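Student: Chains L and Z are the protein sequences, given in the same order.
In terms of UniProt numbering, the first sequence is residues 1 to 169.
In terms of UniProt numbering, the second sequence is residues 1 to 169.
One structure, as structure tokens, below. Some questions next.
Number of protein chains: 2
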Amino acid sequence: MDAWTEVLEGTGMNARLDRDTSNCSIARTLEIVGEKWTILILREVWYGSSRFSDFERVLGCPRNLLATRLRMLVEEGILATETYKEPGSRSRPKYVITRKGMDLVPAVMGLLQWGDRYRADPEGPAVLARHRGCGAPVDAQIRCERGHPVQAEDVESVPGPAFRMKPAE
Amino acid sequence: MDAWTEVLEGTGMNARLDRDTSNCSIARTLEIVGEKWTILILREVWYGSSRFSDFERVLGCPRNLLATRLRMLVEEGILATETYKEPGSRSRPKYVITRKGMDLVPAVMGLLQWGDRYRADPEGPAVLARHRGCGAPVDAQIRCERGHPVQAEDVESVPGPAFRMKPAE
DNA sequence: GCGCTGAGTATAGAAAAGTAAACTTAGGTT
DNA sequence: AACCTAAGTTTACTTTTCTATACTCAGCGC
């Protein structure tokens, strides 16, 4: 009997299938970064872009969508605005990543790594990620609190403190 | 001067802004897992569901989209079909995760972890991930090849072997 | 051979996203 | 004062994706 079956033993309900999925952390993260362009904007920030025109030029994304996504990312605290000033021009806003945005890097690294492994061009990936200074390639790994590297197969999911059942109809 | 500026030194072009983004591993991964429901289906597989009716019940996802997503995931080799048979019923297909699918776990763990940190209910997350056996909580981390844990700030991105410029117009 | 069940398919309408191009704004230059 | 530029906003239109519901299909029990 697994952890899902245990919770509701004897009630005839199924914790796995009848649970409330509205408070899922994966789904909540996707509400923000799951829209088209959002992760690609973050990718460009990570690669070093910061200006509206940078994003427009490299992504080819429509200006209205770009403006909407940037506003949302700033509202969520994933990006912050600062100002820059080219000589001879007025001050304009630029976008920089925050700690909250930096904390998305492991997830994005996971996507990058999977694409590198399964969908790269024959000659390899277009971009490499490496440890600044040390220069060694980096990757996303799962680790347990005690420091052991963990295989995906060795991860189990169990109901947490905010586990709830679907409201009855 | 960073690695992006170096590549095209003196050409007047900008490697960061005028590069070809069509071979980006992040974008290619998102082509597959970026559609609505796809990651949520994988989440349920990871939590232990395997049948069409399981996914429909727990996700509340329209049947045609569910069928489309499952077919795509099988075509991509992320899920595989097996058969199951309940006593008194005919054999029916079920869906199990493959190695290729397992390799998405670090990315999904990254999303889970970010949601747990920034968007969880006050009482905590709905689901916990832990190291089977050892029982300790697990998380997604970035590591360099030499084994050091790496902060997101310490990751730099540089042009890789398949780096190309945007075709001139 | 008839109904039941799980696993789909078909179709039509609604919502979201994408595209293109014109318009606005605010300061710095001339 | 008129002009330029980056960073948007607005509008109108097309395309894609999502949703809801009805329908089909294939075996098993009766």
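Cβ coordinates follow ideal geometry from the N, Cα and C atoms, glycine included.
All values reported here derive from a predicted model rather than from experimental measurement.
(1) Contact criterion: CB-CB distance below 7 Å. Does Glu-56 of chain Z meet it with respect to chain L?
(2) Among Z:Glu-145, Z:Leu-112, Z:Gly-124, whose alpha-carbon lies nearest the alpha-carbon of residue 202 of chain L?
(3) Taking 7 Å as the threshold (C-beta atoms), are Ser-157 of chain Z and Asp-116 of chain L in contact?
(4) Along the chain, where does the alpha helix (DSSP H) containing residue 170 of chain Z start, and where does it finish?
(5) Suppose you measure from the CA of Gly-12 of chain L to the CA of Asp-18 of chain L; what does that come to, to the nearest Å?
(6) Skipping 5 residues on each side, what residues in its chain have a beta carbon closer than 6 Å to that of Ala-140 of chain Z?
(7) For Leu-73 of chain Z versus Leu-79 of chain Z, is the C-beta spacing smaller than 7 Å?
(8) Please report the Cβ distance between Ala-126 of chain L and Ala-162 of chain Z, rounded to the nearest whole angstrom; I am assuming they are in contact, meaning their Cβ atoms lie under 8 Å.
(9) Please report whether the beta-carbon of Pro-29 of chain Z lies at a distance below 7 Å from any beta-carbon of chain L.
(10) By the DSSP assignment, the alpha helix (DSSP H) with Ser-91 of chain Z in it spans what residues?
(11) Let me know the secondary structure DSSP gives Thr-11 of chain L once reduced to three states.
(12) Can you pull the chain Z neighbours of Gly-12 of chain L, defined as C-beta to C-beta under 9 Å?
(13) Just the Cα atoms here: how many angstroms apart are Arg-90 of chain Z and Arg-119 of chain L?
(14) What does the alpha-carbon distance come out to for the pair Phe-52 of chain Z and Arg-132 of chain L?
(15) Is the shortest distance between the beta-carbon of Ala-126 of chain L and the beta-carbons of chain Z less than 7 Å?
(16) Would you please verify whether the beta carbon of Trp-114 of chain Z is less than 7 Å from any beta carbon of chain L?
(17) Could you check what DSSP says for Ser-53 of chain Z in three-state terms: helix, strand or coil?
(18) If you follow the alpha helix (DSSP H) that Val-45 of chain L is in, where does it begin and where does it stop?
(19) Rounded to whole angstroms, what's the CA-CA distance from Val-150 of chain L to Asn-64 of chain L? Just pull it up for me.
(20) Less than 7 Å between CB atoms is the rule here; does Gly-147 of chain L satisfy it with respect to chain Z?
(21) Mind checking Asp-20 of chain Z: buried by the 16 CB within 10 Å criterion, or exposed?
(22) According to DSSP, Gln-141 of chain Z sits in a beta bridge with which residue or residues?
(23) How many whole angstroms separate the CB atoms of Thr-81 of chain Z and Pro-62 of chain Z, which I take to be in contact at a CB cut-off of 8 Å?
(24) Could you list which residues in chain L have their beta carbon closer than 8 Å to that of Ile-142 of chain Z, in chain order?
(25) With DSSP run on the structure shown, which of helix, strand or coil describes Glu-75 of chain L?
(26) Can you name the residues of chain L whose CB is closer than 9 Å to the CB of Ser-50 of chain Z?
(27) In terms of alpha-carbon separation, which member of L:Ile-32, L:Glu-86, L:Ile-41, L:Ala-3 lies closest to residue 192 of chain L?
(28) Between Gly-60 of chain L and Arg-16 of chain Z, which are expected to be in contact by the criterion C-beta below 8 Å, what is the C-beta distance as a whole number of angstroms?
(29) Select from Z:Val-58, Z:Glu-56, Z:Ile-97 the residue whose C-alpha is nearest the C-alpha of Gly-77 of chain Z.
(30) Label Asp-2 of chain Z either buried or exposed according to how many other C-beta atoms from any shown protein chain fall within 10 Å of its C-beta, with 16 as the threshold for buried.
(31) Using a Cβ cut-off of 7 Å, which residues of the stretch 72-100 of chain L contact any Cβ in chain Z, in chain order?
(32) Counting only Cβ pairs nearer than 8 Å, list the residues of chain L close to Pro-62 of chain Z.
(33) Identify whether Val-155 of chain L lies in helix, strand or coil by the three-state DSSP scheme.
Tutor: With the given structure in hand:
(1) At a cut-off of 7 Å between beta-carbon atoms, Glu-56 of chain Z makes no contact with chain L.
(2) No information on residue 202 of chain L is available, as it lies outside the stretch 1 to 169 that chain L covers here.
(3) No; because the gap between Cβ atoms is not below 7 Å, this pair is not in contact.
(4) As shown, chain Z starts at 1 and ends at 169. That puts residue 170 of chain Z outside it, with no answer to give.
(5) Rounded to whole angstroms, Gly-12 of chain L and Asp-18 of chain L show a C-alpha spacing of 11 Å.
(6) Here Ala-140 of chain Z has Pro-106, Met-109, Gly-110, Gln-113 as same chain residues with Cβ atoms under 6 Å from its own Cβ, once five neighbours each way along the sequence are excluded.
(7) Between Leu-73 of chain Z and Leu-79 of chain Z, the CB-CB gap stays under 7 Å.
(8) With 8 Å as the limit, Ala-126 of chain L and Ala-162 of chain Z qualify as a contact, their Cβ atoms being about 5 Å apart.
(9) Per the sequence shown, the amino acid found at residue 29 of chain Z is Thr instead of Pro. Thr-29 of chain Z counts as touching chain L.
(10) If you look at Ser-91 of chain Z, you'll find it isn't in any alpha helix (DSSP H); it sits in the beta strand (DSSP E) that goes 91-97.
(11) Collapsing the DSSP output to three states places Thr-11 of chain L in coil.
(12) None at all; the shortest Cβ gap to chain Z is about 15 Å.
(13) About 37 Å.
(14) Going from the Cα of Phe-52 of chain Z to the Cα of Arg-132 of chain L covers about 46 Å.
(15) The Cβ of Ala-126 of chain L sits closer than 7 Å to at least one Cβ of chain Z.
(16) At least one chain L Cβ lies under 7 Å of Trp-114 of chain Z.
(17) If DSSP states are grouped into helix, strand and coil, Ser-53 of chain Z belongs with the helices.
(18) Here the alpha helix (DSSP H) through Val-45 of chain L covers 38-47.
(19) Taking the straight line from one Cα to the other gives about 43 Å.
(20) By this cut-off, Gly-147 of chain L is not an interface position.
(21) Asp-20 of chain Z is exposed by the Cβ-count criterion.
(22) In the DSSP output, where bridge partners are listed per residue, Gln-141 of chain Z has L:Gln-141.
(23) Contact doesn't hold; Cβ gap of about 21 Å is too wide.
(24) Within chain L, the residues near Ile-142 of chain Z are Val-105, Pro-106, Met-109, Val-138, Asp-139, Ala-140, Gln-141.
(25) Residue state, collapsed to three classes: helix.
(26) Under the 9 Å cutoff, chain L gives no residues; its nearest Cβ is about 11 Å from Ser-50 of chain Z.
(27) Residue 192 of chain L lies beyond the residue range present for chain L, which begins at 1 and ends at 169; the question has no answer from this structure.
(28) The Cβ separation is near 15 Å, so there is no contact.
(29) Of the listed residues, the one whose Cα sits closest to Gly-77 of chain Z is Z:Ile-97.
(30) With fewer than 16 neighbouring CB atoms inside 10 Å of its own CB, Asp-2 of chain Z falls in the exposed class.
(31) The residues in question are Lys-100.
(32) Close partners of Pro-62 of chain Z in chain L (Cβ separation under 8 Å) are lacking, with about 15 Å as the shortest Cβ gap.
(33) Per DSSP, reduced to three states, the secondary structure at Val-155 of chain L is strand.
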